[in-house]
Amino acid sequence: MTKTYKIVVLGGDGIGPEVTDQAVRLLKEIQPQLSGVAFEFDEHSVGVGEYQKNGDALPETAFEACRNSDAILLGAMGLPNVRYPNGKEIAPQLDLREKLDLYGGVRPIELFHEADTPLKNYGPGEIDFVLVRESTEGIFAGRDAVADLDADESLNIIRITRKGAERVCRMAFEVARKRDKAKKVSLIDKANVLSTMVYFRHIFDEVAKDFPDITAEHVYVDASALFMVRRPHDFDVMVTENMFGDILSDLAAGLVGGMGMAPSADIGDKAAVFQPSHGSAPDIAGQGIANPIAMILSAVMMLQWFDNDETRRAGAALHAAVARVLSDPSNRTPDMGGKLSTTQITDAISIALKDAL
Ligand code: ATP
Ligand code: MG
Numbered sequence: 001m002t003k004t005y006k007i008v009v010l011g012g013d014g015i016g017p018e019v020t021d022q023a024v025r026l027l028k029e030i031q032p033q034l035s036g037v038a039f040e041f042d043e044h045s046v047g048v049g050e051y052q053k054n055g056d057a058l059p060e061t062a063f064e065a066c067r068n069s070d071a072i073l074l075g076a077m078g079l080p081n082v083r084y085p086n087g088k089e090i091a092p093q094l095d096l097r098e099k100l101d102l103y104g105g106v107r108p109i110e111l112f113h114e115a116d117t118p119l120k121n122y123g124p125g126e127i128d129f130v131l132v133r134e135s136t137e138g139i140f141a142g143r144d145a146v147a148d149l150d151a152d153e154s155l156n157i158i159r160i161t162r163k164g165a166e167r168v169c170r171m172a173f174e175v176a177r178k179r180d181k182a183k184k185v186s187l188i189d190k191a192n193v194l195s196t197m198v199y200f201r202h203i204f205d206e207v208a209k210d211f212p213d214i215t216a217e218h219v220y221v222d223a224s225a226l227f228m229v230r231r232p233h234d235f236d237v238m239v240t241e242n243m244f245g246d247i248l249s250d251l252a253a254g255l256v257g258g259m260g261m262a263p264s265a266d267i268g269d270k271a272a273v274f275q276p277s278h279g280s281a282p283d284i285a286g287q288g289i290a291n292p293i294a295m296i297l298s299a300v301m302m303l304q305w306f307d308n309d310e311t312r313r314a315g316a317a318l319h320a321a322v323a324r325v326l327s328d329p330s331n332r333t334p335d336m337g338g339k340l341s342t343t344q345i346t347d348a349i350s351i352a353l354k355d356a357l
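Numbered according to UniProt numbering, the sequence shown spans residues 1 to 357.
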């Protein structure tokens with residue numbers, strides 16, 4: 001019996017379609033090598049470009065396809081100078097996150113070559129941790145508030161719910177259990193100052209009791225920024241509030257080569273979106289020089305997330321192919337100081353993949 005995985009492909013705006021094309025190409029090359037597994041791709045137009053054409057950045061047909069899919073591969077959506085008439089950002093990825101209740105942003109950070117990190121004395125695999133970001137509440141619970149510029153003050157609230165904290169902490173422990181590392185989860189908080197963080201910590205500690213095989217620790221967010229730079233090898237899985245996670249994930253990407261190297265997955269109980277951590281990068285769109293690695297590594301995450309031995313094998317092979325190509329520091333796109341185009345680096349990965357599968 002063949003298991004068919006329905007994969008919705010949303011290229012989106014800017015470099016989004018350029019990088020998703022590369023991931024889809026590699027997945028199509030992998031497919032014939034797998035037994036009992038097939039991929040069915042279903043592409044939809046979404047984002048600012050679609051909004052300008054048809055007035056809806058996330059048309060109902062695209063959303064329905066997402067809801068009925070096994071996974072969603074997303075490039076990037078949004079452009080800095082196009083907004084809704086009310087001034088709000090066109091960010092259908094946030095609508096998707098909300099509608100599909102994708103509460104955990106999972107961002108693996110991995111160093112492939114010493115030349116890619118600004119840190120001294122770190123080589124391949126020596127920076128290797130996962131940041132899990134709560135994606136539905138926290139400080140961003142106030143993101144719909146409008147600033148009253150004539151008022152004497154402006155406030156945003158932090159919202160931590162028992163359900164929200166519990167499920168994301170549980171996700172982090174489960175990620176740690178699956179990894180072949182230290183089996184440690186670090187809660188990144190600010191419990192010395194904020195009552196919401198004392199509450200978050202309390203729930204984290206409760207969840208930790210269900211995972212006696214995994215070490216649990218607390219680190220203040222300010223200290224964690226220092227530790228990520230000073231001794232990133234001490235982290236295995238980190239879990240944190242929405243905005244702390246937003247900030248720390250850019251710092252983390254900077255440790256391993258920048259936004260073009262940072263994959264991510266937005267995961268819920270029923271659905272998941274796999275997308276690079278970066279945005280649509282309109283400054284380099286259409287030039288064929290976008291770095292597809294973050295997108296390709298997001299596809300690796302998708303293959304691992306499907307609960308299937310064959311796709312896990314494919315994920316491992318695609319990861320190994322990326323690692324093999326990046327082991328030669330001249331195989332880099334311009335954002336990382338190299339000369340390869342988007343398709344040239346994908347060609348190299350495609351060749352390495354043939355050996356890895
Ligand atoms: P967002 O608001 O969606 O987070 P952003 O404003 O942070 O977006 P990005 O698009 O993520 O901006 O990236 C910032 C810059 O980094 C881009 O303008 C581009 O120059 C560079 N960049 C990002 N991703 C890539 C990539 N995959 N390849 C090459 N350069 C990239
Ligand atoms: Mg950004």
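C-beta atoms are modelled at their ideal positions from N, C-alpha and C, and glycine is treated no differently.
Buried/exposed call for residue i, threshold 16 Cβ in 10 Å
i, result
"ASN68", "exposed"
"THR4", "exposed"
"THR2", "exposed"
"GLN342", "Checking the displayed sequence, the identity of residue 342 turns out to be Thr instead of Gln. Buried, because 16 or more other Cβ atoms sit within 10 Å of the Cβ of THR342."
"TYR84", "exposed"
"VAL221", "buried"
"GLU153", "exposed"
"ALA223", "exposed"
"ASN331", "buried"
"VAL193", "exposed"
"residue 358", "Residue 358 is absent from the model: the chain starts at 1 and stops at 357."
"ARG231", "exposed"
"ILE15", "buried"
"ILE30", "buried"
"HIS44", "buried"
"LEU303", "buried"
"PRO92", "buried"
"ASP128", "buried"
"GLU40", "exposed"
"ALA151", "exposed"
"residue 358", "The structure shown does not extend to residue 358, since the chain is modelled only from 1 to 357, so the question has no answer here."
"ASP148", "exposed"
Candidates the options: closest to residue i by CA position
i, options, result
"PRO108", "ILE296, PHE200, PRO334", "ILE296"
"VAL37", "SER45, SER341, LYS28", "LYS28"
"GLN52", "ARG25, ALA348, ILE90", "ILE90"
"ILE214", "ASP180, TYR220, MET228", "ASP180"
"ILE158", "ALA176, LEU149, SER135", "SER135"
"MET77", "TYR103, VAL48, ASP70, CYS66", "VAL48"
"PHE244", "LEU131, PRO232, ASP283", "LEU131"
"ALA71", "VAL273, VAL106, SER45", "VAL273"
"LYS190", "ASN242, ARG312, HIS233", "ASN242"
"ASP42", "VAL198, ALA65, ASP148", "ALA65"
"ALA176", "VAL193, LEU194, PRO212", "PRO212"
"ARG133", "LEU102, ASP148, SER280, ALA115", "LEU102"
"VAL106", "ALA151, SER249, ALA281", "SER249"
"ASP335", "ARG312, MET259, VAL9", "MET259"
"ASP13", "ASP128, PRO282, VAL219", "PRO282"
"ALA182", "VAL9, HIS233, CYS169", "HIS233"
"ASP328", "ASP347, HIS113, GLU310, ARG143", "HIS113"
"HIS278", "ILE284, ALA294, ALA271", "ALA294"
"SER280", "ALA62, VAL82, VAL198, ARG143", "VAL82"
"MET171", "THR20, TRP305, PRO17", "TRP305"
Range covered by the alpha helix (DSSP H) that runs through residue i
i, result
"GLN22", "16–30"
"GLY11", "Taken as a continuous stretch (DSSP letters only), GLY11 belongs to no alpha helix (DSSP H), being part of the beta strand (DSSP E) at 3–12."
"LYS354", "342–356"
"GLU174", "162–178"
"SER298", "293–305"
"ARG313", "309–326"
"ASP95", "92–99"
"ALA265", "Counting along the chain, ALA265 falls outside any alpha helix (DSSP H), though it belongs to the beta strand (DSSP E) covering 263–267."
"THR61", "60–67"
Start-to-end residues for the beta strand (DSSP E) that takes in residue i
i, result
"LEU74", "71–76"
"VAL273", "272–276"
"VAL198", "It is not in any beta strand (DSSP E) - VAL198 instead sits in the alpha helix (DSSP H) that spans 195–208."
"THR215", "215–220"
"TYR51", "No beta strand (DSSP E) holds TYR51; the alpha helix (DSSP H) holding it covers 48–54."
"GLY104", "104–110"
"LYS184", "184–189"
"SER249", "First-last for SER249: 242–255, but that is the alpha helix (DSSP H), not the beta strand (DSSP E)."
"LEU131", "128–134"
"PHE39", "37–44"
Report task. Can you list the residues near the ligand ATP, meaning Cβ strictly closer than 5 Å to any non-hydrogen atom, in the order they appear in the chain? Result -> After applying the 5 Å Cβ criterion, the set is MET259, GLY260, HIS278, GLY279, ALA281, ASP283, ALA290, ASN291, ASP335.
Report task. Answer yes if the region 284–293 comes into contact with the region 301–320, meaning at least three C-beta pairs across the two stretches below 8 Å, and no otherwise. Result -> No, the region 301–320 is not in contact with the region 284–293.
Query raised in the report: Can we say the region 345–356 touches the region 318–335, given the rule of at least three CB pairs closer than 8 Å?
Result: Flag = yes, the region 345–356 and the region 318–335 touch.
Report task. Tell me, please, whether the region 112–126 touches the region 156–172 by the rule of three or more beta-carbon pairs shorter than 8 Å. Result -> Contact between the region 112–126 and the region 156–172 is not established, with fewer than three Cβ pairs separated by less than 8 Å.
Query raised in the report: Are at least three pairs of beta-carbons, each pair with one atom in the region 55–69 and one in the region 94–103, less than 8 Å apart?
Result: Contact between the region 55–69 and the region 94–103 is present, because at least three Cβ pairs lie under 8 Å.
Query raised in the report: With contact counted as at least three CB pairs below 8 Å, one residue from each stretch, are the region 224–244 and the region 181–188 in contact?
Result: As far as the Cβ criterion goes, the region 224–244 touches the region 181–188, which means the pair count is three or higher.
Query - Given 8 Å, three or more beta-carbon pairs between the region 202–209 and the region 260–276 - result: Flag = no, the region 202–209 and the region 260–276 do not touch.
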